[in-house]
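In the numbering used here, the protein residues as written are 4 to 193.
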């Protein structure tokens with residue numbers, strides 16, 4: 004009996020199943036449409052969080068220049084200089100893009116922060132602003148969405164939603180699930 008088949012037998016036979024949301028076929032609603040649009044939660048937020056939020060984040064006592072980048076309203080707001088950090092209607096006018104691409108004293112993040120942006124991070128921010136600078140709720144606050152149920156050949160084997168991705172993977176690699184273990188074996192495994 005292969006390890007995948009053993010794992011499958013345990014999951015389908017035991018009543019105690021602990022699995023991540025992905026195994027249950029549940030996704031969170033944090034995807035953004037478009038192939039070249041960076042995902043805010045997985046690509047943009049980590050950059051802003053590690054490079055910008057210390058001075059332009061939620062902490063009012065640490066906030067510099069009246070700029071708050073953790074909220075869309077703050078990023079799009081008119082600054083004292085009359086410019087916008089993020090201009091979703093005219094991305095080339097975005098102060099954020101200009102500041103991350105200069106090498107003088109106005110560079111962001113400042114050289115003194117010792118956290119320079121990589122070329123890849125700069126291109127992600129540029130693509131994000133060019134695509135409309137959409138923000139998303141943090142994934143922890145997004146309601147899970149049930150994904151479409153995977154198709155399987157052996158329709159009789161699955162008993163609950165977690166069985167479908169497991170059986171689908173087994174069938175993809177040309178394996179069959181092992182027969183159900185007897186109650187004695189199941190108790191011993193637990």
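C-beta atoms are modelled at their ideal positions from N, C-alpha and C, and glycine is treated no differently.
| Item | Value |
| --- | --- |
| Which residue comes first and which comes last in the alpha helix (DSSP H) that contains residue 129? | 122–133 |
| With DSSP as the reference, identify every bridge partner of residue 71, one or two as the case may be. | In DSSP, residue 71 forms no bridge with anything. |
| Who are residue 81's beta bridge partners in DSSP? | 87 |
| How would you call residue 97, buried or exposed, if buried means at least 16 neighbouring beta carbons within 10 angstroms? | buried |
| Determine whether the beta carbon atoms of residue 134 and residue 47 lie at a separation below 8 Å. | no |
| If you draw a straight line from the alpha carbon of residue 129 to that of residue 90, how long is it in whole angstroms? | 11 Å |
| Is DSSP giving residue 106 helix, strand or coil here? | coil |
| My understanding is that residue 132 touches residue 173, with C-beta atoms under 8 Å, so please give their C-beta distance in whole angstroms. | Incorrect: roughly 44 Å between the Cβ atoms, too far for contact. |
| Hey, residue 193 and residue 180 are a contact pair by Cβ (cut 8 Å); roughly how many whole angstroms apart? | 19 Å between Cβ atoms; not a contact. |
| When you compare the segment 142–150 with the segment 76–86, are there three or more beta-carbon pairs, one atom per stretch, that lie closer than 8 Å? | no |
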